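Protein chains in written order, with this note's numbering: chain A, 149 to 494; chain B, 149 to 494; chain C, 149 to 494; chain D, 149 to 494. Let me begin by presenting the structure, written as structure tokens, before commenting on it.
Protein chains: 4
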Amino acid sequence: MYSFRNDYSELCHEKVLSKLASINRKQFDGYGEDEITLKVKNKIKSLLNNNNVDVYFISGGTQTNLVSISSILKPYQAVLSADSGHIATHEAGAIESTGHKIITLKPNNTGKIKASQISQIMDNHFKDEAREHTPQPAMVYISNPTEFGSIYKYKELKEIKEECEKNNIPLYIDGARLSQALASEKSDIKFSDLVNLCDMFYLGGTKNGAIFGECLVVINDNYKKDFRYNLKQKGALMAKGFSIALQFEALFENNLFLELGKKANYNAKYIVEELTKMNIPFLVEQESNQIFPILNNTLIDKLREKYLFYNWQVIDENYCAIRLCISWATEKDIIKEFINDVKINI
Amino acid sequence: MYSFRNDYSELCHEKVLSKLASINRKQFDGYGEDEITLKVKNKIKSLLNNNNVDVYFISGGTQTNLVSISSILKPYQAVLSADSGHIATHEAGAIESTGHKIITLKPNNTGKIKASQISQIMDNHFKDEAREHTPQPAMVYISNPTEFGSIYKYKELKEIKEECEKNNIPLYIDGARLSQALASEKSDIKFSDLVNLCDMFYLGGTKNGAIFGECLVVINDNYKKDFRYNLKQKGALMAKGFSIALQFEALFENNLFLELGKKANYNAKYIVEELTKMNIPFLVEQESNQIFPILNNTLIDKLREKYLFYNWQVIDENYCAIRLCISWATEKDIIKEFINDVKINI
Amino acid sequence: MYSFRNDYSELCHEKVLSKLASINRKQFDGYGEDEITLKVKNKIKSLLNNNNVDVYFISGGTQTNLVSISSILKPYQAVLSADSGHIATHEAGAIESTGHKIITLKPNNTGKIKASQISQIMDNHFKDEAREHTPQPAMVYISNPTEFGSIYKYKELKEIKEECEKNNIPLYIDGARLSQALASEKSDIKFSDLVNLCDMFYLGGTKNGAIFGECLVVINDNYKKDFRYNLKQKGALMAKGFSIALQFEALFENNLFLELGKKANYNAKYIVEELTKMNIPFLVEQESNQIFPILNNTLIDKLREKYLFYNWQVIDENYCAIRLCISWATEKDIIKEFINDVKINI
Amino acid sequence: MYSFRNDYSELCHEKVLSKLASINRKQFDGYGEDEITLKVKNKIKSLLNNNNVDVYFISGGTQTNLVSISSILKPYQAVLSADSGHIATHEAGAIESTGHKIITLKPNNTGKIKASQISQIMDNHFKDEAREHTPQPAMVYISNPTEFGSIYKYKELKEIKEECEKNNIPLYIDGARLSQALASEKSDIKFSDLVNLCDMFYLGGTKNGAIFGECLVVINDNYKKDFRYNLKQKGALMAKGFSIALQFEALFENNLFLELGKKANYNAKYIVEELTKMNIPFLVEQESNQIFPILNNTLIDKLREKYLFYNWQVIDENYCAIRLCISWATEKDIIKEFINDVKINI
């Protein structure tokens, strides 16, 4: 059985492992105050062309989201998110657990929200005389790519950021698969653009070659003070912080993070091209490493004999969109085998 | 500079690293539902002679404490802890952040609490007619070893557990350094005894040879239901849960966890014996891998030229107790060098 | 200016005030442990034909909702509510502030939810293998009447309650205007039926003749233990609890609470009948004391010169549904004057 | 039986009741946006000689404390309080329920804290390199009078306030019995001084002649923004806010609030003087309306036949300090009767 369920089925890239092995038995300061962490922070600043950002390494995505969002909001404030957003659908109420409502927006069918939706929510709230009877919308959460694998174009992000600025609220980008977005053929955003396009974001390691770990970048000065308290209080300040920093050191060497993203995207695209030749339609256009072919149920059952994947959306009695999540570790031969298995069973 | 500041300065034991390397590029199910996790859970059950416990792997100690304690308590309930307890002093208000008060007990000078203290708090609370004006004491937190490196004897733990049962409240043991406690020459507790001595405990990996990771064992059936929801909601359900399980697999092979604990304890004891020969007193008796020699300030300053360690408690104008935390990775030669440096500078 | 904005514009019914005056300077025990509170609790039990319920008096509706819901749910659990429900729209995130997500259901256009909607949510959740990645639906919140003034029929409530029982989750009824529901000509529910139709409910005083105060009734034994701790911790245990009990004593004498509800409903119905004669349509059918005539904007502007009311829903360019909330204190003459003002301005 | 248990046993002063009766059936805007509330807010500003403060009316003391403190603190911050402080001892963990630790200070035996204690906590915290491992001390809570009835002198308060300013943290005063403090013969503080001596305080109504209600005054501009959201979210924004404002209108007429405080204090002092003549000692000096005579147990038992009061502190086998809390409603004849009952039973 081969799994297309997700991109975190394999432990890590070999370069990550050898980087870990390289420091064994050396001593480092705890809680991210060591020299490796400092060095990797500087590397990130250099990649972002910005020395003013703050950088933290956190063990997982849900934790990064809950620490970040709860650090920004006042008790009575809420975060805006697409209704398909990860915080709204797959984090077990982590944000609500910190006391905050998520105000959900109906995105278009690719999971992306628009600046105009933010504008509408903000205007409606503040023109209401009894506004204090509803939570105050106070920040925007998006992920890039979205849960549908779609990516934001520069112009779209710029419009969202400007709308946020107009309303004096921050924009936070969940980048669990940010490498895949940046590496997308469809993307016109560079890594260093992000410091101008949002107030805080994280670059995911878990879904792109690390054993675990996400790299949070705080851009807006307003949210920097005392951030380590937030981390510690939420159980997110790791004793051996250097173990995450080191993995990112490996991922940043020769832009491995982008190479891995590119590889996953490429293989995803390759499947799309080959299935399209067989007249198989897709739920949404491929832009990163997640694809959603619409297959008939017989074919799906047949494929399940060899592959693991999630059913995503029932189309009708006979058809269903499935999700294939292509990993940085997925090799071309398994891609070809899968395509062939579709071909002979269609 | 050599650091005696803590026992999490080194990445991990070589066997942990080679265990990780052994599975690279293989695929595993996410979120701890994989075969490795299952296998290691079974190994733990076997070590505990108990098939009925539930086992979870969590990234760090503060996170494990906050998930566990908040999963047990109702909103209006409080946890009892020694006032030197980790949750009361070094977790940045993580427990209060989940809504609960910590009721602190003055322990004796070794950081241990007694059954009679629990009894007193419980009796006072429930005999108060206006009891609902104070948080209800509803569980007991201890760590073994304590923050002073002291360990609980079987009889002491048994008395605490029985007092808890009498009051129908659970006992939770923070085992960040549990291996060191179990491996202590002074300990009369076996690993498998724990299933009878408490309701929930964790065995620490971070401070005993793992890169990261703690192993939580839920014994009492009352606290098992829906536990994975608690984990996910607090950001504690790791995507690659197998990466922690695997490290514990290494730690359990040939009882490596106990061997590492024994080594650290032995080296701690060796320093104590040698310094005692120099008439250096200690704040508390050595029982595990933390020791607290009382040194004069001139000697402390001199030692700081080569070693890192924390000042623990000012004794008087001229003397201070320092903490030396001996790591599983600390080798005999550095121990001898340190002893010698004390000798020549005393 | 006369206000139809809400039913809490007037201080209280004269009988409430004279009941308060009757005990002045007498001494009573604090925090609801006094003889008046006991007497009124017994009165309620008698009205409900049930000696087994627990009764509490709380200062306001949002507070009652947040104490009740947070007392029932475990940290990872969520409450189901119509998306027009008060907790979802007008309580400033009070429920989320206690850590819980509100899962919203699209109700029909009268604001009522159906048993089948609960069933669907529950089934979807528990058949999901990865269910712990979403908050667990664990109780149902409805209000009777709804935000649209519509009321639940016995059969509808029974079906909802049975669906809850099938799923082993409780049903909580927000009864801010429960008197008006019970007094409705359309209602086939008696006050005493409620002990069989839900697990917890409150009967509102604030919107039905009291200065302030809601009466919470806990029916299900599972939710009774230690309830006073919840009250105290949320700031909801009033020092002079007897001041609320006393107001309810007045409201229960000669069924004043039902009489006031009946009066408000009757006046609402009268407006509906008269406006219907003028061919004015309504957004929803009148069932209690809130009505929603659809008026053209010119008429609305004209009426605003003499009356206060809320615009509820824009129908089109020229028409809008307004909300008229008829108070227990609203007298027939003002009702007639309003009708006449519509007539001459239509 | 006559109760000296507390000062909230009687409903309210007659002038409060007649003020309520005076507006019956008139209509007012909801949620504190009415003309009465506005008028009384202006009255308070005038009494404080300060037009810049914000004023809110809240139903009870615990609620006022929890809204205020949670509105000021960031998630990782803690509040300093005497260990005998009401928030630390009698609010069922209300502050912890909002996520914050209370750092307790050992006060002197009168329940008062000193500026130097604040200084010490702040210095210790910020000089710690690992400060983010403990909650950040970020505001100071005191009550005036304290739980022992003692009052702060101008100089003491000034020193505390200046220490707070030096550390850039706010001072909050719980004034549940502030009228009694202001009316104390021992006090050198005027009501209008408070705007210079703290950042936020409340003046209690519940314990000084109102049915219910506390008046919160926000002085520091930093804590004013969006305060009504905090109130609503915590269930503290009353529908009929005017019903509290109106009670304070009565209390402010001819300084009734000070007159009632003076009366209670005077009667307390009278008991002290008479019992002192009988050589009865007191636990602490009388400064407001709470007194703590040390009586032998036989006398205590005898007095319990006619009076209700709390045992406060066991002195030895034979003696106990009891608390007598003198109400604004306690009349001279009962005071004399009590003194006589002591005299004949001593």
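Heads up, the beta-carbon is just placed ideally off N, CA and C, and yes, glycines get one too. On a predicted model such as this, the values are computed, not experimentally measured, just so you know.
Legend entry - Chain-ordered chain B contacts of residue 237/D [CB-CB under 9 Å]: Going along chain B in sequence order, the residues near residue 237/D (Cβ under 9 Å) are 281 and 282.
Inset, instruction - Buried or exposed for residue 429/B, please, with buried defined as at least 16 other CB atoms from any protein chain shown within 10 angstroms of its CB. - result: So residue 429/B counts as exposed.
Legend entry - Distance between residue 188/D and residue 397/D (C-alpha atoms, nearest Å): Residue 397/D and residue 188/D: Cα-Cα distance of roughly 6 Å.
Inset, instruction - Please state if the CB of residue 236/C and the CB of residue 380/D are separated by a distance shorter than 9 Å. - result: Not a contact, by the Cβ cut-off of 9 Å.
Legend entry - Interface positions of the stretch 211–232 of chain B facing chain D (Cβ-Cβ less than 7 Å), listed along the chain: Correct list: 223, 224 and 226.
Inset, instruction - Kindly confirm or deny that the stretch 418–428 of chain B and the stretch 477–494 of chain B touch, where touching means at least three C-beta pairs closer than 8 Å. - result: The stretch 418–428 of chain B is in contact with the stretch 477–494 of chain B.
Legend entry - Length of the line joining the Cα atoms of residue 151/C and residue 399/D: Straight-line Cα distance between these residues: approximately 29 Å.
Legend entry - Separation of residue 387/A from residue 239/C, as counted between CA atoms: If you take the alpha carbons of residue 239/C and residue 387/A, they lie about 40 Å apart.
Inset, instruction - Measure from the C-beta of residue 246/C to each C-beta in chain B and report whether the shortest distance is under 9 Å. - result: True, the Cβ-Cβ gap to chain B drops below 9 Å.
Inset, instruction - Check the Cβ-Cβ distances between residue 278/B and every residue of chain C, and say whether any is below 9 Å. - result: Chain C places a beta carbon closer than 9 Å to that of residue 278/B, counting this residue as a contact.
Legend entry - Closer than 7 Å at the beta carbon, the chain B residues around residue 391/A: Within chain B, the residues whose beta carbon sits less than 7 Å from that of residue 391/A are 159, 359 and 360, listed in sequence order.
Inset, instruction - Give the secondary structure of residue 452/C by DSSP, where H, G and I count as helix, E and B as strand, and everything else as coil. - result: Coil.
Legend entry - the stretch 170–194 of chain B: positions lying closer than 8 Å to chain A by Cβ: Residues of the stretch 170–194 of chain B whose Cβ lies closer than 8 Å to any Cβ of chain A, in chain order: 171, 172, 173, 174, 175, 176, 177 and 178.
Inset, instruction - Could you say if the stretch 269–288 of chain A and the stretch 330–339 of chain A meet the contact criterion of at least three C-beta pairs nearer than 8 Å? - result: These segments do not touch.
Legend entry - Residue environment, residue 215/C, which counts as buried when at least 16 other CB atoms sit within 10 Å: Under this definition residue 215/C is a buried residue.
Legend entry - Pick from 313/C, 337/C, 423/C and 378/C that is closest to residue 347/C, judged by C-alpha positions: A check of alpha carbon separations from residue 347/C across 313/C, 337/C, 423/C and 378/C identifies 313/C as the nearest.
Inset, instruction - Answer with yes or no whether the minimum CB distance from residue 380/B to chain C is below 9 Å. - result: Closer than 9 Å: yes.
Legend entry - First through last residue of the alpha helix (DSSP H) which encompasses residue 270/A: Segment 263–275, the alpha helix (DSSP H) holding residue 270/A.
Inset, instruction - Determine, using beta carbons only, whether residue 376/A comes closer than 9 Å to chain D. - result: Yes - at least one Cβ of chain D is within 9 Å of the one on residue 376/A.
Inset, instruction - Using a Cβ cut-off of 9 Å (strictly closer), state whether residue 385/C contacts chain B. - result: For residue 385/C, a Cβ of chain B is located within less than 9 Å of the residue's own Cβ.
Inset, instruction - Report the residue ranges of all beta strand (DSSP E) runs contained in full by the stretch 402–453 of chain A; include only those spanning at least 3 residues, in chain order. - result: For the stretch 402–453 of chain A, the full-length beta strand (DSSP E) segments reaching 3 residues or more read 442–444 along the chain.
Legend entry - For residue 481/C, three-class secondary structure by DSSP: Per DSSP, reduced to three states, the secondary structure at residue 481/C is helical.
Legend entry - Helix, strand or coil at residue 226/A [DSSP, three-state]: Look at residue 226/A here: in three-state DSSP terms it is strand.
Legend entry - C-alpha gap between residue 427/B and residue 299/B, whole angstroms: Cα atoms of residue 427/B and residue 299/B: separation of roughly 24 Å, rounded to the nearest angstrom.
Inset, instruction - Quick one: measure Cβ to Cβ for residue 441/C and residue 423/C, integer angstroms, because I've assumed they're closer than 8 Å. - result: The C-beta separation of residue 441/C from residue 423/C comes to about 5 Å, placing the pair in contact by the 8 Å criterion.
Legend entry - chain C contact residues for residue 165/D, given Cβ-Cβ distances below 7 Å: Within 7 Å of the CB of residue 165/D, the CB atoms of chain C belong to 168, 169 and 172, in sequence order along the chain.
Inset, instruction - May I ask you to verify whether the stretch 187–202 of chain D touches the stretch 248–261 of chain D, counting CB pairs closer than 8 Å and requiring at least 3? - result: Segment contact: the stretch 187–202 of chain D against the stretch 248–261 of chain D, fewer than three CB-CB distances shorter than 8 Å; contact not assigned.
Legend entry - Any C-beta of chain C under 9 Å from that of residue 207/D: When Cβ-Cβ separations below 9 Å define contact, residue 207/D makes contact with chain C.
Legend entry - Boundaries (first-last residue) of the beta strand (DSSP E) holding residue 459/C: Residues 458–462.
Inset, instruction - Could you work out which residue in 157/D, 446/D and 374/D is closest to residue 277/A when comparing CA atoms only? - result: With distances taken between Cα atoms, residue 277/A lies closest to 374/D.
Legend entry - Status (buried if at least 16 other CB within 10 Å, exposed otherwise) for residue 225/A: It is buried - the Cβ of residue 225/A has at least 16 other Cβ atoms within 10 Å.
Inset, instruction - Put residue 341/B into one of helix, strand or coil per three-state DSSP. - result: In the three-state DSSP reduction, residue 341/B falls in the helix class (H, G or I).
Inset, instruction - Compare the C-beta of residue 411/D with all C-beta atoms of chain C and state if any pair is closer than 9 Å. - result: Any Cβ of chain C closer than 9 Å to the Cβ of residue 411/D would place that residue at the interface, and such an atom is absent.
Legend entry - Identity of the residue in 153/C, 219/C and 470/C nearest residue 369/C by Cα: Between residue 369/C and the set 153/C, 219/C and 470/C, the nearest pair of CA atoms involves 219/C.
Legend entry - Span separating the alpha-carbon of residue 173/A from that of residue 185/A: Straight through space, the alpha carbons of residue 185/A and residue 173/A are spaced by roughly 17 Å.
Inset, instruction - List the whole-angstrom C-beta distance separating residue 192/C from residue 263/C, where the pair is believed to meet the contact cut-off of C-beta under 8 Å. - result: About 28 Å separates the two Cβ atoms, so there is no contact after all.
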